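The numbering used here runs 13 ahead of the 1-based position in the sequence shown. Each residue gets a CB set at the ideal place from its N, CA and C atoms; glycine is no exception. Quick caveat: nothing in here was measured; it's all calculated off a predicted structure. Remarks on the structure that follows.
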Amino acid sequence: MITIPRAESISEILTTNLQAKITELQARFLPCSLDVENQKNRLLFFFHDHHCKPTEKEVLRQELASCLATFFYECWEHDWIHKKLSKRLPESIHSELDQVEARLMTRRKSVEHWIMKLTDALTDYLKTEEHLALDGFIYFRFHVYRQSIEKLIQEVVEEFILDREYKEFIQLLRYFVSVQTPTYDLVHVIHQMDGKFKLFRNDGTPLQYNEIDQALRETIELSHAYSYEDYIVSALLSTSPEQIILHTKQNEANVIRTLIQIFEERITLCTGCIKCGVSKDGNLSPHS
Numbered sequence: 014m015i016t017i018p019r020a021e022s023i024s025e026i027l028t029t030n031l032q033a034k035i036t037e038l039q040a041r042f043l044p045c046s047l048d049v050e051n052q053k054n055r056l057l058f059f060f061h062d063h064h065c066k067p068t069e070k071e072v073l074r075q076e077l078a079s080c081l082a083t084f085f086y087e088c089w090e091h092d093w094i095h096k097k098l099s100k101r102l103p104e105s106i107h108s109e110l111d112q113v114e115a116r117l118m119t120r121r122k123s124v125e126h127w128i129m130k131l132t133d134a135l136t137d138y139l140k141t142e143e144h145l146a147l148d149g150f151i152y153f154r155f156h157v158y159r160q161s162i163e164k165l166i167q168e169v170v171e172e173f174i175l176d177r178e179y180k181e182f183i184q185l186l187r188y189f190v191s192v193q194t195p196t197y198d199l200v201h202v203i204h205q206m207d208g209k210f211k212l213f214r215n216d217g218t219p220l221q222y223n224e225i226d227q228a229l230r231e232t233i234e235l236s237h238a239y240s241y242e243d244y245i246v247s248a249l250l251s252t253s254p255e256q257i258i259l260h261t262k263q264n265e266a267n268v269i270r271t272l273i274q275i276f277e278e279r280i281t282l283c284t285g286c287i288k289c290g291v292s293k294d295g296n297l298s299p300h301s
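As structure tokens, this is what we get:
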């Protein structure tokens, strides 16, 4: 006997799937039948093998397990994960549940992988047990899947919160850019191969940025641990140039992407000009 909770959508799907599977097995001359019974809040499926040989019983177990595993991952898993996420999401991002769920579903292992794992687990279970509550089996016995999903939920929720905080942080810094009065018309930012930066005026003279606006620095420090990259962001926000030309060979570096997001149309990526070149140590350096 196999039982699942009585939910109209999944009950009808599983009933149809199991009846189709029984018809298929009967066509292969495997003597079996199925009875379905509603009982309170559960749907019960009774399988009968009519004096099957041991080898035939093994085939029936595997086919039944495969049918149940496919049903769970194609029809039930989405609701199962949705409910677990609903309980785990902080209230502040509950309205973005669908986005978090979509991210989780793209990150978990393939459906085929888990169908195979669950099929094997169910086949082994049915060798010794005659009663199976599918929902209970998933939660209490299929530990490898549940633990994998629990871990993934934690990772995805934490990443989503960090991503949202980062976007809010970028919006705040964009606001600083919009209200600051430009101190310089143009500043060249040299991003060296070791990750350090040098700032130069348009005439090639170094730009001193030791004095950073205290309120701005405190804002960044409150957002997260202050780093060298944050120092560069603070320096550019404090000097607030009308235009920034960024000389870098690491366009995909996180700090470069951050600068582009903050300064938007004010910043231009240089792909090679008379202002910069490659020194012997591989660093970009200005030419007079």
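Asked: Straight-line Cα distance separating Glu71 from Trp127; Found: 21 angstroms
Asked: Pairwise C-alpha distance: Lys34 and Glu87; Found: 16 angstroms
Asked: Exposure of Gly285, with buried meaning 16 or more beta-carbon neighbours within 10 Å; Found: exposed
Asked: According to DSSP, residues forming a beta bridge with Cys88; Found: BP columns for Cys88 are empty, so no partner.
Asked: Extent of the continuous alpha helix (DSSP H) run through Arg279; Found: Careful: Arg279 lies outside any alpha helix (DSSP H) and carries neither H nor E.
Asked: Beta carbon of Leu8 nearer than 8 angstroms to that of Leu165; Found: No statement about residue 8 is possible, as the shown extent of the chain runs from 14 to 301 and does not include it.
Asked: Secondary structure of Arg214, DSSP reduced to three states; Found: strand
Asked: Beta-carbon gap between Leu259 and Cys283 smaller than 8 angstroms; Found: yes
Asked: Complete runs of the alpha helix (DSSP H) confined to the region 88-153 [at least 4 residues]; Found: 90-101, 110-120 and 124-141
Asked: Contacts around Ile245, its chain only, beta-carbon distance under 6 angstroms, and the 5 residues preceding and following it disregarded; Found: Phe210
Asked: Residue closest to Ser46, alpha-carbon to alpha-carbon, out of His64, Glu25, Leu56 and Ser79; Found: His64
Asked: Proximity winner among Glu143, His201 and Phe84, relative to Phe60 (alpha-carbon distances); Found: Glu143
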